[in-house]
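Sequential numbering from 953 applies to the sequence shown in the working numbering.
Notes for the one structure printed next.
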Amino acid sequence: MAKIGESVISKNIEILCVCSYNNVSKSLHLFFSLTYMAILEEKFSLQKFNTFGIQCYCKIFAEAKTINDLKSIISEYCYNPLPKLVLGGGSNLLFTKNFEGVVIYPNIKGIELVKHSAESTWLRAYAGENWDNFVEFCVAKNLGGIENLSHIPGNVGGCPIQNIGAYGVEVKDVIDSVEALDIQTGDKIIFTNAECQFGYRDSIFKHGAKNKYVITAVIFKLRKQPAIILNYKDVIEELRNISEVTLSAVRQAIINIRRRKLPDPAQFGNAGSFFKNPIVSVDAFQSIQKKYPMAPSFTVDSEYVKIPAAWLIESSGWKGVREGNVGTHESQPLVIVNYANATGNEVVEFSEKINKSILQKFGVDLETEVNVI
Ligand SMILES: Cc1cc2nc3c(=O)[nH]c(=O)nc-3n(C[C@H](O)[C@H](O)[C@H](O)COP(=O)(O)OP(=O)(O)OC[C@H]3O[C@@H](n4cnc5c(N)ncnc54)[C@H](O)[C@@H]3O)c2cc1C
């Protein structure tokens, strides 16, 4: 792993893997250009590149290990009408069919020191860094701000997309800026935190900037004097016998809780929470509460509250229900699990049944958190 201040980005010419399964390329081809080498294969399976473990193929798979690779890929395909999909760790995606286009895989690694002040350290982490490795790195350096986001799968490049959040922290609180390349022109663009338009599991990258940019790196502003955030009773409970609550103690507590509560995608394919927690008006919530006095909620502001989707799903009888290859997880009903070789469509159909029954019972329409492709 890189030390702070040390760039791990290789300046060497890198290999670009381009894998295609169109009928023209029956055998392995090698293309050499001035800046990179391309390998074409008959087809490229994405099964190991999505945590749901759905078997599907893309037409072209283009892996970039450096920014220059990425620029080469963009100039190769910018005039190509095929659709493009940027892939990170594949932990928030559901493929429902083969992707008949170009999958761009920015597997660019590295962590660099940008600058520091008396209170903060700014780090640039490249898109292909595993998110949890980056959290571990920061915790080991006693840099605070993302320890509550420990053990979330995926890569650094994917973290701003839905503004990942857990245990009272959202990544927007520590993102200084996001660096990206325009998929059409290859031009570099920097989004400030405000320009990212972060919201609850939301950002500009799910709206106006969707599929237009490849995020190459994220700059984080981390605290040198960490302020530990302990809002969740599970975390407080997990730490009750710890005399000194350090960043690494919080990280370990959260890892322990998540290991107990969430299915490991290596065992059962899943993409974490399938639905977002719905935000409803206070009036709508009060009418739910009349029928279901135990209904939980979290205040959003004076007009809106958030209802835990897991409670809605469990109260509608869907906890631990399995239908064929798919089901809701026994201890976390918000997670839909691929029990055995499910197709993406089986997952979607199952999720639609859940949504329909919640709409009928509570009048609440759940929004999917996972990106259905
Ligand atoms: C077991 C489990 C637990 C989870 N827990 C949480 C949780 O607690 N909180 C939470 O918020 N999420 C959680 N998630 C969801 C997921 O891990 C995060 O959303 C993660 O940040 C997705 O990153 P990724 O690299 O895997 O993105 P992918 O799944 O590869 O992609 C997701 C979206 O981002 C786009 N994208 C990815 N990388 C880039 C890039 N470099 N440039 C441009 N676009 C890009 C893709 O096109 C796609 O639209 C969980 C998932 C699992 C499987």
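The C-beta atom is built at its ideal place from N, Cα and C for all residues, glycine as well.
Membership of F1143 in the beta strand (DSSP E) is indicated by the continuous run K1140 to T1144. The criterion of a C-beta distance shorter than 7 Å is satisfied by I1135 and K1036.
Nearest to K1243 by alpha-carbon distance, out of Y1184, N1307 and K1313, is K1313.
Of the residues E1255, V1232 and S1254, the one whose Cα lies closest to the Cα of A1247 is V1232. Within the region 1185–1267, the runs of alpha helix (DSSP H) at least 4 residues long that lie entirely inside it are, in chain order, 1185–1190, 1199–1213, 1234–1243 and 1261–1267.
About 7 Å separates the beta carbons of V1299 and N1290, which is inside the 8 Å limit, making them a contact pair. For T1003, the CB falls within less than 6 Å of some heavy atom of ligand 1.
Non-local C-beta neighbours of Y1184 in its own chain, meaning closer than 7 Å and more than five positions away in sequence, comprise Y1119 and G1120, ordered along the chain. Judged by the Cβ position, A1079 qualifies as a neighbour of ligand 1 at the 6 Å threshold, a heavy atom of the ligand being closer than this. Sequence-distant Cβ neighbours of N1293 in its own chain, meaning closer than 7 Å and more than five residues away, are N1277. Cβ contact annotation for F1220 (same chain, cutoff 8 Å, sequence separation greater than five): H1281, V1289, N1290 and Y1291, in chain order. Not one heavy atom of ligand 1 falls within 6 Å of the beta-carbon of I1012. Relative to ligand 1, P1112 has its C-beta separated by 6 Å or more from all heavy atoms. DSSP, reduced to helix, strand and coil, places G1096 within a strand of the structure shown. In chain order, G1296, N1297, V1300, V1324 and I1325 place their CB closer than 7 Å to the CB of T1048, counting only its own chain and leaving out the 5 sequence neighbours on each side. Note that the region 999–1010 touches the region 1044–1058; at least 3 beta-carbon pairs, one per stretch, sit closer than 8 Å. Following the DSSP letters along the chain, one finds V1170 inside the beta strand (DSSP E) bounded by residues Y1165 to R1175. Taken atom to atom, the span from the alpha-carbon of V1126 to that of A1205 is near 21 Å.
Restricting attention to I1113, I1025, H1103 and F1051, the CA atom closest to the CA of Y1152 is found in I1113.
Ligand 1 approaches G1040 closely enough that one of its heavy atoms is under 6 Å from the residue's Cβ. Comparing alpha carbon positions, the residue from N1020, C1008 and V1091 closest to A1179 is V1091.
For G1117, the three-state secondary structure derived from DSSP is strand.
For the pair I1310 and L1264, the CB atoms are nearer than the 7 Å cut-off. With a cutoff of 6 Å, I1104 counts as near ligand 1, since its C-beta is closer than that to a heavy atom of the ligand. With a cutoff of 6 Å, P1217 counts as near ligand 1, since its C-beta is closer than that to a heavy atom of the ligand.
Between the region 1167–1177 and the region 1101–1116 there are three or more C-beta pairs closer than 8 Å, enough to call the two in contact. The bridge partners DSSP lists for C1010 are F996 and F1051.
Taking C-beta atoms as the reference points, N1229 and K1258 count as a pair closer than 7 Å. Distance check between Q1238 and each of C1030, T1320 and E1255 places E1255 closest, using alpha-carbon atoms only. In summary, K1140 is exposed, with fewer than 16 beta-carbon neighbours lying within 10 Å of its beta-carbon over all protein chains present. Around the beta carbon of E1189, a 10 Å sphere encloses fewer than 16 other beta carbons of the protein chains shown; the residue is thus reported as exposed. For Y1031, there is no enclosing alpha helix (DSSP H), since its DSSP letter is neither H nor E.
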